[in-house]
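Below: one structure, written as C-alpha cells.
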Amino acid sequence: MSNQIVPHTARPVPPGALDVWSQHQNQSQLGFAQPPVATTTPVQKVQRLLRGRVLLAIVLALIFGAIGGTLGAISQAPTYASLGMLEISPTIPMVEGDKHMPYYQQFMASQANTIKSPAVLDEVPAVEPWKSSPFAKDRGALLALGSNIKADYKKNTLNIELAFTDDNPQLASIGMQSIIAAYQNQYKTGASESVNRNLLEVETRQRKHESERRSAEKLINDITTKYGSADLEQRVSAAQRDVEEVSRDLRGYENNLKSATSAIEAMKGSGDKIALEELAQVDTFLSQLGGEIKASKLKLDTTQATLGANHPQVRQLKIGMEALNRSAEEYADTLRKEVLAIIPDFVKGGYMKVTPGQLRVLQARVAQLKQDLVGYEKTRDAIAADAGKVAGYRLTIKEAEIELSKVETLLEQYRFQAVTLGKLKVMQNGSVPATVANKKVMFGLAGTILGASLPIGLLLLAGLMDTRFRYSDDTTANSMSGIPLLGILPNLPDRLSDPAQASIAAHCVHQIRTMLQLNAMREGSTVFSVTSASSGDGKTSLSLALGLSFAASGSRTLLIDADLVGGGLTSRLGNTSPFGIVDALAGVNLDDCVQGTDVADLSILPIGSAQSHHAGGFSPPAVRKLLGELRKHFEVIIVDTGPVMGSIEATPICASVDGVVLTVARGQSRPLVERAITHLNSIGARVAGVVFNRAQHKDFEQSIGAISIRSAARSTANGTSHNARSPGDIGAVAQAVAANVRN
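If you count by the numbering used here, then the sequence shown holds residues 1464 to 2206, one letter each, in order.
Dropping the structure here:
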C-alpha cells in the first residue's frame, strides 16, 4: 500500500495546535472562525414554535375566533338605564345669617354610600311604586336593584347622581323611583336617629369632661386655700430652706457637744489645768487683764532698758506687774472651778467655755433641733405632696380642655347635620329608561380575540413541549447559538435513482466541504472528526461523502474509521484488512495500516480487527501522535467516530482534531444534542459546525446554497450531470457525491 500513500513535505503546525486538552474554545485559539452569537427576537421565537403548524393555526384561529365572537355577541342583551338626581343644600339658616355646613363633601360622600346600603334596600319593598308593581314579590328583581344601583357624588357640587341599569325598562324606571323614596324615608328617620344618637354620645362625653375639669379645679382651690397661695412650688422651696437651716444648726450643735465631751474627757485624763491664754479667749475681764499685763511688761522693758534694773521706777513697775499677774492667776483659778473645757464654737464661730450648765444646754439644744428637723421635713413633704397633687389636677384640667375642644367640634358638626336634615330635594325622580350603549360589538371582539388566541396558544405550547429538531435553523437557536450551520443534507431514499436528487445531495456535500475549507484558520494538514449525539444521524455517510468531496477537490484525503461499534466506513468500502486504527495507535507501520481506495487521492485507515473493548487503548497523547504522523502524508484527514455521548473513543479524538463536525438529523432530541455540545466544550474540542441531515424541501428554500442547488437541479435536467461510476452500497449521500465526481 506504500505506493498509495503519497509522501509530501510536512507543513508547519501552528504552535500549540495539538495541545487541545489544556485549551478552552475561544476565538483566538480555535482552528475555525466562530460566528457571532445570534439574538432571537420574540417574533422569531413564535415563528419557530409555529413552524409547520402555521396553516393549522390560522384555520383553527379563524374557527375558534368566529365561535368566540358569536358567543360574545349573543351573550349581551340590550340594557336600559333610569337616572335620578338628589340635591342636599349646604347652607344652614341662622338668625344672624345663613352658615355653610362644615364637612359638607364628607357628608355628601357618606350619603351616596348610604343610598347603596342594605338599610335603604330593605326599605324598598315597603314604598311606592315598588309595593304595587309587578316586582313586589320578585326577590330577583330586588337583588338586581341592589347590585346595579349606582350613586356618585361629584366634588364641589350639590348633587348625588343615581343610575339603575337593567334589561327590563319597566324595572329600571320603578326601581329608580323606589330607591329614591326608600332613601327619603331613611334620610328622615334613620339618618335623624343616627345624628341624634351621635349627639347624645358626644354630649355625654362633654358632661364627663366638664365634670372632671370642675372636680380638679375644686381640689386645687381646697389645697391652695389651705396654704393661702396658689404658688405651692414657692412654698415647697421655702420649706426646704427651713429644713436646710435647721439641719445646718443641728450639725453645728452636735459638733459642739461632741467637741465638749471629748475635751472634758481629755482634761480629766491628763490632769492639766486650762491655760490662762485659753481662758482669756472666752472671758472678757481676763482678756482685758491680759492686755494690761502685756502693756505693763512693755513699759517695764522700755524703762529698764533706759534707767537700769535697779532704778526705783523700774522696781515700782515690777511690783505693779507682779500684782497684775497675781490678780490674773487668782481670777483664772476662780474660772477653772466652773469651766470644764475651752472648745471651738461651730455654730457662732470663735471659742466657747464649757461649764456644766452649758453642757446641759448643748444637750438640750441638740435634742430640740432634732425634733424641729423632723417637723420641718414633715411640713416640707406635705407641701410637696400637695404641690404634686395640684400639678396632676392641672394636667387633668388640660386634658379635659383638649377633649372638650374635640367634643365642641363634633357637637358643631352633628348639630349642623341635624339642622340640615329635611333639606333633601329630589331633582330627578327616575327618567324614562334609555338604551345603554350596545356592548355586543365589544364583547364580540373580545370573544373573537380570546377564541383565536386559544388554538394559537395550544399550538405554541405544543411547540414548546416538542424538543426535537424539525428544521435546519433549529440548530442555531437557544444553547446552540454561536455554532455555525455548515450545511444541510436532503432526506434521500436508500436506493438513489433520481439524478436531480443525487445532484442536489452532491452539491450540499460540496457546500459543506467548501465551508470547512473557508473557515479553516490554519495552514497545512487539517484534521476533522465527524460525530453525532447518538447513532443513526448519518455521520458515517457524511464522513464518506466529505472524503469523496475533498478528494475530488484535489486534496490528499484520509478517512479514519474510529467507530469501534459500528465500523461503517470499513464495511461500506468493503475493506477487510486485519490492520487498522488500533494497530496504528500501537505503533504498527502506517504502510501496513493505511489502505488505498479506487478513488484518486482517497485512502482509508480502517477499523481492522478492533472490537469495542479496544476503546481503552485510545488516549489523547496516542491520538495526537498518530495524527501528527498522518499529517505528514495527507492534506485532509476525516475521522468517523462513534456517537460522542455513547462511545469512549470519541472523546480523545474530538479533543485532538482541528475541528469537530456535529451531525444532527431531523427528529433528533434537542436536549441530547445540547448535552453533546456541552461535553465537547468541556473537553476543549473545537466545534467547526453543525450539519443538518434529512432536511425537508423548505430547509433548502431558506438555505444559503439554494441558488446553487437549483442550478444543480437544472443542470441535471439538461443532462449535464456526470455518473461515471456505480459504486457499491456506500450510502445514499456518498452515492450522490461519487456519481457527481469526474474520473
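C-beta atoms are modelled at their ideal positions from N, C-alpha and C, and glycine is treated no differently.
Check                                                                                                                                                                         : Outcome
Closest to T1426 by C-alpha separation, out of V1517, I1637, L1832 and R1799, would be which residue?                                                                         : Absent from the structure is residue 1426, since the part of the chain shown begins at 1464 and ends at 2206.
With respect to the beta strand (DSSP E) encompassing A1614, which residues constitute its N-terminal and C-terminal limits?                                                  : I1612 to Y1616
One question on the structure: do G2218 and F1991 come within less than 8 Å of each other, judged by their Cβ atoms?                                                          : Any answer about residue 2218 is impossible in this case: the structure gives the chain only from 1464 up to 2206.
List the endpoints of the continuous alpha helix (DSSP H) containing I1504.                                                                                                   : Going by the sequence as given, residue 1504 is Thr instead of Ile. Taken as a continuous stretch (DSSP letters only), T1504 belongs to no alpha helix (DSSP H), as it is neither H nor E.
So, for V1829: in the same chain, excluding its five sequence neighbours on each side, which residues have a beta-carbon less than 8 Å away from its beta-carbon?             : L1713, Y1716, E1717 and L1720
Out of L1908, A1969 and L1917, state which residue places its alpha-carbon closest to the alpha-carbon of T1533.                                                              : L1908
For G1560, does the three-state DSSP call read helix, strand or coil?                                                                                                         : Low confidence applies here, because G1560 scores a pLDDT of 49, under 50, leaving its location unreliable and the question unanswered by this model.
Counting beta carbon pairs with one atom in the stretch 2022–2041 and one in the stretch 2092–2106, are three or more of them shorter than 8 Å?                               : yes
Of the choices G1638, D1835, P1597 and A1693, whose alpha-carbon is the least far from that of S1710?                                                                         : D1835
Is the distance from the Cβ of I1806 to the Cβ of A1726 below 8 Å?                                                                                                            : yes
Output yes or no for whether 8 Å exceeds the beta carbon distance between V2127 and I1946.                                                                                    : no
Run the CB neighbour count on A1925, radius 10 Å, all protein chains shown included, and call it buried at 16 or more, exposed below.                                         : exposed
Drop a sphere of 10 angstroms on the beta-carbon of H2077, count the other beta-carbons inside from all chains shown, and report buried for 16 or more, exposed for fewer.    : buried
Bridge partners for D2103 per DSSP, in chain order?                                                                                                                           : V1993 and D2024
Should L1546 and A1626 be called a contact, given that it needs their Cβ atoms to be closer than 8 Å?                                                                         : yes
Tell me which residues share the same chain as R1976 and place their Cβ nearer than 8 Å to its Cβ, disregarding the 5 neighbours each side in the sequence.                   : L2009, S2012, F2013 and S2016
Restricting to Cα atoms, I'd like to know which of V2062, F2081 and M1890 is closest to P2115.                                                                                : F2081
Taking all protein chains shown into account, do 16 or more other C-beta atoms lie within 10 angstroms of the C-beta of R1843, making it buried, or fewer, making it exposed? : buried
Identify whether Q2159 lies in helix, strand or coil by the three-state DSSP scheme.                                                                                          : coil
Just to confirm, is the Cβ distance from K1618 to Q1574 under 8 Å?                                                                                                            : no
Locate the alpha helix (DSSP H) running through M2108, then write down its first and last residues.                                                                           : From DSSP, M2108 is part of no alpha helix (DSSP H); its letter is neither H nor E.
Assuming A1795 and L1749 form a contact by the criterion Cβ under 8 Å, report the distance between their Cβ atoms to the nearest whole angstrom.                              : 6 Å
Leaving out five residues on either side along the sequence, give the residues of the same chain with a beta carbon under 7 Å from the beta carbon of D1427.                  : What is shown of the chain runs 1464 to 2206, which leaves residue 1427 out entirely.
Along the chain, where does the alpha helix (DSSP H) containing N1622 start, and where does it finish?                                                                        : Segment N1622 to D1629 is the beta strand (DSSP E) holding N1622; no alpha helix (DSSP H) there.
Quick one: does V2150 have its CB under 8 Å from some CB of chain B?                                                                                                          : Going by chain labels, chain B is absent from the structure shown, which holds only one protein chain.
Would you kindly report the start and end of the unbroken beta strand (DSSP E) that includes E1550?                                                                           : Y1543 to I1551
Counting only the same chain and skipping the five closest in sequence on each side, list residues whose C-beta sits under 7 Å from that of E1675.                            : T1859 and A1863
Measuring only the C-alpha atoms, how far is R1404 from L1832?                                                                                                                : Nothing can be reported for residue 1404: it is not among the residues displayed for the chain, which extend from 1464 to 2206.
CA-CA distance, S2075 and L2027?                                                                                                                                              : 5 Å
When the Cα atoms are used, what is the spatial distance from I2111 to P2083?                                                                                                 : 12 Å
If L2254 sits next to Y1650, beta carbons under 8 Å apart, how far is it from one beta carbon to the other, in whole angstroms?                                               : The question about residue 2254 has no answer, for the chain in this structure spans 1464 to 2206.
Do R1931 and R2157 have their beta-carbon atoms positioned less than 8 Å apart in this structure?                                                                             : no
For the alpha helix (DSSP H) containing S1759, list its first residue and its last residue.                                                                                   : T1747 to L1770
At the level of alpha carbons, what is the spacing between V1777 and A1786?                                                                                                   : 14 Å
Using the rule of at least 16 other Cβ atoms within 10 Å of the residue's Cβ for burial, across every protein chain shown, is L2090 buried or exposed?                        : buried
If you draw a straight line from the C-alpha of V1745 to the C-alpha of A1702, how long is it?                                                                                : 36 Å
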